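Chains as they are written, first to last, in numbering that gives the first Met the number 0: chain A, 0 to 151; chain B, 0 to 500.
Ideal Cβ positions, reconstructed from N, Cα and C, are used throughout, including at glycine.
Here the structure is a predicted model, which means the values were calculated and not measured.
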Amino acid sequence: MLDSDAYTDRVAEILEAHRGLEGPLLPILHAIQHAFGHVPDSAIPQIAAALTLSKAEVHGVVSFYHDFRDAPAGKHVIKLCRAESCQTMGADAVAERIKKALGVDWHGTTADGRVTLEPVFCLGLCACGPAAMVDGRLVGRVDESLVAEVAK
Amino acid sequence: MKIYVPLDSAAVALGADALVTAITSEAARRGVAVEVVRNGSRGMIWLEPLVEVASAAGRLGFGPMTLADVPGLFGDLTTHPKAIGLVEDHPWMRGQTRLTFARVGVVDPLSLDDYRAHGGLVGLDRAKSMTKAQIVTEVTDSGLRGRGGAGFPTGIKWRTVSEAAADQKYIVCNADEGDSATFADRMLMEGDPFTLIEGMAIAGLACGATKGYVYIRSEYPVAIRVMSQAVTIARAAGVLGAAFDMEIRVGAGAYVCGEETSLLNSLEGKRGVVRAKPPLPALQGFMGRPTVVNNVISLASVPVIMAKGAQHYRDFGLGRSRGTIPLQIAGNVKHGGLYECAFGLTLGQIVNDIGGGTASGRPVKAVQVGGPLGAWFPPSLFDTPFGYEEFAGKDGLIGHAGLTIADDTIDMLTMARFAMEFCAIESCGKCTPCRIGSTRGVETLDRLARGDSSAMPILTDLCNTMKLGSLCALGGFTPYPVMSAITHFPDDFARAKEAAE
Ligand SMILES: Cc1cc2nc3c(=O)[nH]c(=O)nc-3n(C[C@H](O)[C@H](O)[C@H](O)COP(=O)(O)O)c2cc1C
Ligand code: FES
């Protein structure tokens, strides 16, 4: 865990690296989430000050987008596609079985903090569904064996 | 030995990366020198991972490959269990007219030399010898219409931006591709990124814009990586530079950011809320400046139009739908993938002849055309020819040309409910019919599911309100999947009633 000075320094570095971009806020938020695994509340005033925005504006942007989290996720993140093409290949049933195996609902994290389960609407793998993304890795034709793989 | 293993997301999702490792170590073990090229996908997703081996006769295909099939690549190729013969001769490939996707799957996506050797940059070179107005006329004459969904003529949009006076103008490529059943943008960016770069550079010349952005959804990590590398390569080679340069930007998981004004807000670092029009983005777009917002496929079709001429492109097609369209055949389908052909095939030809029917082997019940905002078509409408006006005439749309095929186990009330739920999750919240109507829609469909048929007139009325009162097509078109399900599959709505009685 970084102490608060280290946080501030890292955020400052990220802000510096994005100077001169047109519309830098999304790239900045992605970089912060990449660095910390989430967008810490404590970073918001610092971002706001650097971009001459209000804290509310920055918070409004962070909360608008599904990708940005205000708290860290589990060690592994499974994103399961819920969209139509995957549904026609049984994505709903697979999702139910995965939820049961993990003991969580959508957006939930297992009690041991190992796995977070999230819905995603299309990964562009619609001709080889049901599709998933596990820690950024794409997987086609998934079934519940995915859970055992992640637990390894 | 030269071996091609796709870097395309679908191939990777089905194990392509592990195949590369296995091929390299098998080659090392045998002391054979191999060069592995990571190409794009040919679009035959049911054969992915499709590995190709270069031979004197052409490229031999093997798929779907598993790790166990790797040693066989070093033996007698004619008896390999996964051999499909020469890839170019495969009926799926031969049936196509590949204009926009001519190089996808063929070239090394990150080799500018390969790109040039396959006709790349001819269009840009020609554009450089023309005036802005001439380029715009060429694109207008080609009949190219926006492939992002709305089908607006690309040349006319460009003319507006070209004729606008401003110190800075922009070309923004919409690579948000959020619709289920669509992956043409992804495949193009992963398999032939320089085509998009060339198309945007031509747009820049035509409009007097020196700066471009590609807004790629975050769900596409491979496309983001390949496009970013391609931009760096193009810049180093002087294809991009002072006259026109571009940046790759990454979305953050909001479907509505595919809507052009929401996308522009997002690019500016704001909430992805839809803007009221006017002003048109063509006049006041990114940073309030004149901006072309075009879909990946619209822009990537420009190089071939400039290289071969407007007439060549417009000679393909049907009615007011000119040129070719990359069909994306998905869902419960035997032969799913990307198939580029002239407009005009019937829906039935696409689903049954090209797609080969369902993967499950059960009868096709419904096909959703055009993503989550598109209508569901029953087999009785399979004679509808694939074209903008033809689909509009059947209360549908072609959208980004994605098709979700479903077998007879699908329940259309469930799908109608999903459409409303999706709209509720993804609504930007700016307008009431979309923000609140979608949630009321879910509740009303739940009433129908419980057998309360008095909810039907309310649902129809709600759909009308959303259609007429929403600010953009998210709320405005969500009624398409809902109403088409009710119209064409009334049994699925009556069954709930019977069950309740
Ligand atoms: C909710 C919504 C989502 C959209 N998503 C996309 C998208 O992902 N990609 C796209 O090119 N167009 C999308 N569009 C259409 C765009 O608003 C716009 O029409 C298009 O980018 C214009 O480019 P084109 O003329 O080249 O098609 C969407 C529209 C709406 C209402
Ligand atoms: S619908 Fe699931 S990947 Fe596209």
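Listed in chain order, the non-local C-beta contacts of S320/B below 6 Å within the same chain comprise F342, G386 and Y387, local neighbours out to five positions each way being set aside.
Relative to ligand 2, the nearest heavy atom lies less than 7 Å away from the CB of L122/A. Using a Cβ-Cβ cut-off of 8 Å, D178/B is close to C121 of chain A, given in chain order. The Cβ of F67/A sits closer than 8 Å to at least one Cβ of chain B. Partner residues in the beta bridge of H75/A, as assigned by DSSP, are V114/A. Put simply, of L467/B, M465/B and L282/B the residue whose alpha carbon is nearest the alpha carbon of E162/B is L282/B. Within the segment 52-83 of chain A, contact with chain B at the beta-carbon level (separation under 9 Å) is assigned to L52, E56, G59, V60, S62, F63, Y64, H65, D66, F67, K78, C80, R81, A82 and E83. Of D407/B, R185/B, V368/B and I409/B, the smallest CA-CA separation from F390/B is found for V368/B.
Between the alpha carbons of L28/A and D40/A lies a distance of about 12 Å.
Runs of the alpha helix (DSSP H) lying entirely within the segment 126-187 of chain B and spanning at least 4 residues, in chain order: 131-141 and 153-162.
Look at the beta carbons and you see the segment 17-27 of chain B not touching the segment 130-149 of chain A: under three pairs across the two are nearer than 8 Å.
Burial state of F182/B is buried, judged by a 10 Å Cβ sphere holding 16 or more other Cβ atoms.
For D175/B, the shortest C-beta to heavy atom distance toward ligand 1 is below 7 Å.
Note on V31/B: under 16 other CB atoms within 10 angstroms of its CB, so exposed under the neighbour-count rule. Using a Cβ-Cβ cut-off of 8 Å, L137/A counts as an interface residue toward chain B, since at least one Cβ of chain B sits closer than that to its own. Counting the other Cβ atoms within 10 Å of the Cβ of T77/B gives fewer than 16, which makes it exposed. In this structure, ligand 2 has no non-hydrogen atom nearer than 7 Å to the beta-carbon of C256/B. By the Cβ rule, the segment 426-445 of chain B counts as touching the segment 269-280 of chain B, because three or more pairs are nearer than 8 Å. Exclusion of the five residues before and after A15/B leaves V4, P5 and P48 as the residues of its chain whose Cβ lies within less than 6 Å of its Cβ. Around the beta carbon of N331/B, a 10 Å sphere encloses 16 or more other beta carbons of the protein chains shown; the residue is thus reported as buried.
In this structure, the beta-carbon distance from K81/B to M64/B falls below 8 Å.
Under the Cβ criterion of 8 Å, L266/B is counted among the residues facing chain A. Relative to ligand 1, R234/B has its C-beta separated by 7 Å or more from all heavy atoms. Among the residues facing chain A, A329/B is included, as its CB has a counterpart in that chain under 8 Å away.
At least one CB atom of chain B sits nearer than 8 Å to the CB of A130/A.
Counted as a single uninterrupted DSSP element, the beta strand (DSSP E) harbouring L59/B occupies residues G57 to F61. Close CB contacts of V121/B within its chain, under the 8 Å cut and outside five residues either way in sequence, are with P302, M305 and A306 (chain order). Inclusion of I196/B and A235/B in the CB contact set at 8 Å is not warranted, their separation being larger than that value. For A110/A, the closest C-alpha among the options G123/A, V119/A and A72/A is that of A72/A. Residues of chain A with a Cβ closer than 9 Å to the Cβ of P371/B are, in chain order, A82, E83, F120 and C121. Each of Q348/B, G335/B and A253/B was checked against the Cα of S217/B, and the nearest Cα belongs to A253/B.
Per the coordinates, the alpha-carbon of A49/A lies some 32 Å from the alpha-carbon of E176/B. Between the C-alpha atoms of Y312/B and W375/B there is a straight-line separation of about 30 Å. Less than 8 Å separates the beta-carbon of I83/B from that of F61/B. In the displayed model, I397/B falls within coil according to three-state DSSP, outside both helix and strand.
Check the Cα spacing between G250/B and each of I43/A, F67/A and A47/A: the tightest is with F67/A.
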